[in-house]
Amino acid sequence: MVSAIWELASALDAARIPAEVDNSVWLEVPSRLLRGEDGRDDNIWLRECLTRLTGVQLSGEWRGDPWGAVLLAEWKITQGGSMVRALIPPAGIHALRSPQNFAKIEARAAHSLTGHGRQLYVLLADKKRLGRPYWTFTVDELRSLMGVADKKSYERWNNFRQWVLDPALVAVNDYGTVEVSMTPEKRGRSVHAVTFRWHWKDPHNAAEMAAENERHKSARRRQQDTDDAPPLIVAEPKAEPALEWWHGLTQTERATWADQVGRTFKAGALTVPRRETDLARAAFSAHEQRVLSGTPK
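Residue numbers (this note's numbering): 39 to 335.
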């Protein structure tokens, strides 16, 4: 269902539908995109997914006035199963289209976050849709879901927490749409499970944090002296070494590196394609490790 939300948001972006509209909008999206990479060709799961999306309710309070809506009002699978027509109501469009809206942020979060932070966000967002305020994973299950089950160094709880869970938790909380806490559960002296508790913020209240996250980090959370003061002026961010290195490669070299580091990653039952920037960072990290170890290309 996560990938379906991403694709609906992407279709609205592509159609340049404004965030504020008076009427519902019909979208036409290829069913293969909504199914996801591992989706069934017969659309059985897609039908279930679309039905669930009609039950996704958006609600909150904005400037003292309560509001509520659904994300998807109606859907039809047409052209022999190859296309989906989805009717998005105005509030749903605002939720998906506005860059400063929580539901839009959630739809984009797995692309905007990187590495373990993204994987943790996808896992928690999936459980949140079940209506639960918390979820407990065994440590072994969590290692598998976070994609590090084959890393021997993470078999020790302290290493797993320090290098995987803690950074992922910081990244997710810093993103601003959800507040997450983590509690290790012990059996005797050993940690055998981890409980995550979360509170997803109201869509409108998340807008301020979204704007903060789009600002250069040196200006984040700094307050201006007065409301009518000119905008803060910050230095342009420097180019990222990983991206400079990546764009200096030939197309063939980039393709080779992408195959080596993996073009997709697993988040639970989902197979999610990596963005090019994430591929670049992963490849650059592997490149640096080879340089430091003296391993030939």
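Think of the CB as a built atom: it goes at the ideal place given N, C-alpha and C, for glycine as much as any other residue.
Under the three-state reduction of DSSP, which class applies to residue i: helix, strand or coil?
{"i": "isoleucine 126", "result": "strand"}
{"i": "threonine 302", "result": "strand"}
{"i": "arginine 259", "result": "For arginine 259, the predicted model reports a pLDDT of 43, less than 50, meaning its position is unreliable and no value from the coordinates is stated."}
{"i": "threonine 221", "result": "strand"}
{"i": "alanine 273", "result": "Residue confidence for alanine 273 is low, a pLDDT of 36 falling below 50, so the modelled location carries little weight and cannot support an answer."}
{"i": "proline 311", "result": "strand"}
{"i": "serine 120", "result": "coil"}
{"i": "isoleucine 55", "result": "coil"}
{"i": "glycine 106", "result": "strand"}
{"i": "lysine 166", "result": "helix"}
{"i": "lysine 114", "result": "strand"}
{"i": "serine 97", "result": "strand"}
{"i": "serine 62", "result": "coil"}
{"i": "alanine 187", "result": "coil"}
Thinking just about the alpha-carbon of each residue, which of the options is nearest to the one in residue i?
{"i": "arginine 181", "options": "Gly169, Thr221, Asn197 and Tyr172", "result": "Asn197"}
{"i": "cysteine 87", "options": "Asp103, Leu109 and Ser97", "result": "Leu109"}
{"i": "aspartate 297", "options": "Arg225, Glu314 and Trp283", "result": "Glu314"}
{"i": "tryptophan 238", "options": "Val202, Pro171, Asp188 and Asp178", "result": "Pro171"}
{"i": "valine 94", "options": "Asp103, Asn61, Pro68 and Lys166", "result": "Lys166"}
{"i": "serine 69", "options": "Val59, Asn61 and Asp80", "result": "Asp80"}
{"i": "leucine 281", "options": "Arg301, Ala293, Ala321 and Thr290", "result": "Ala321"}
{"i": "alanine 42", "options": "Leu71, Val202 and Glu193", "result": "Leu71"}
{"i": "glutamate 66", "options": "Met121, Phe175, Arg328 and His325", "result": "Met121"}
{"i": "glutamate 326", "options": "Trp295, Thr176 and Trp173", "result": "Trp295"}
{"i": "leucine 339", "options": "Pro104, Asp178 and Asp164", "result": "Here the chain comprises residues numbered 39 to 335, so residue 339 is not present and cannot be evaluated."}
Would you grab the beta carbon distance between residue i and residue j for me? Rounded to a whole angstrom, and I think it's under 8 Å.
{"i": "alanine 107", "j": "leucine 125", "result": "With a Cβ gap of about 13 Å, alanine 107 and leucine 125 do not count as contacting."}
{"i": "glutamate 223", "j": "tryptophan 236", "result": "In fact, because the Cβ distance is near 16 Å, the residues do not count as touching under 8 Å."}
{"i": "alanine 52", "j": "leucine 134", "result": "The pair is not a contact, with the Cβ atoms about 12 Å apart (cut-off 8 Å)."}
{"i": "arginine 101", "j": "lysine 114", "result": "At roughly 36 Å, the Cβ-Cβ gap does not stay under 8 Å, so arginine 101 and lysine 114 are not in contact."}
{"i": "phenylalanine 234", "j": "leucine 168", "result": "Contact flag wrong, Cβ pair sits at about 13 Å."}
{"i": "valine 232", "j": "methionine 220", "result": "6 Å"}
To which residues of the same chain is residue i closer than 8 Å at the C-beta, ignoring the five residues directly before and after it?
{"i": "leucine 151", "result": "Tyr159, Ala209, Val210 and Tyr213"}
{"i": "isoleucine 55", "result": "Val63, Ile131 and Arg135"}
{"i": "glycine 300", "result": "Arg312 and Ala320"}
Return the chain-ordered list of same chain residues with a C-beta closer than 6 Å to the C-beta of residue i, the five sequence neighbours on each side being excluded.
{"i": "arginine 34", "result": "In this structure the chain extends from 39 to 335, so residue 34 is not present and cannot be described."}
{"i": "tryptophan 195", "result": "Val229"}
{"i": "alanine 176", "result": "In the sequence as presented, alanine is not what sits at residue 176; that position holds threonine. Ala231, listed in sequence order."}
{"i": "alanine 206", "result": "His154, Gly155 and Leu158"}
{"i": "threonine 174", "result": "Ala231 and Thr233"}
Given a threshold of 16 other Cβ atoms within 10 Å of its Cβ, counted over all protein chains shown, does residue i qualify as buried or as exposed?
{"i": "leucine 50", "result": "buried"}
{"i": "histidine 230", "result": "exposed"}
{"i": "leucine 317", "result": "buried"}
{"i": "serine 97", "result": "exposed"}
{"i": "isoleucine 82", "result": "exposed"}
{"i": "glutamine 157", "result": "buried"}
{"i": "histidine 285", "result": "exposed"}
{"i": "glycine 226", "result": "exposed"}
{"i": "proline 127", "result": "buried"}
{"i": "glycine 118", "result": "exposed"}
{"i": "glycine 155", "result": "buried"}
{"i": "glutamate 45", "result": "buried"}
{"i": "arginine 312", "result": "buried"}
{"i": "alanine 129", "result": "buried"}
Cβ of residue i within 6 Å of any heavy atom in the ligand FAD?
{"i": "arginine 313", "result": "The model depicted lacks the ligand FAD and carries no ligand whatsoever."}
In chain order, what residues of the same chain have a beta carbon less than 7 Å from the beta carbon of residue i, not counting five sequence neighbours either side?
{"i": "serine 191", "result": "Asn197"}
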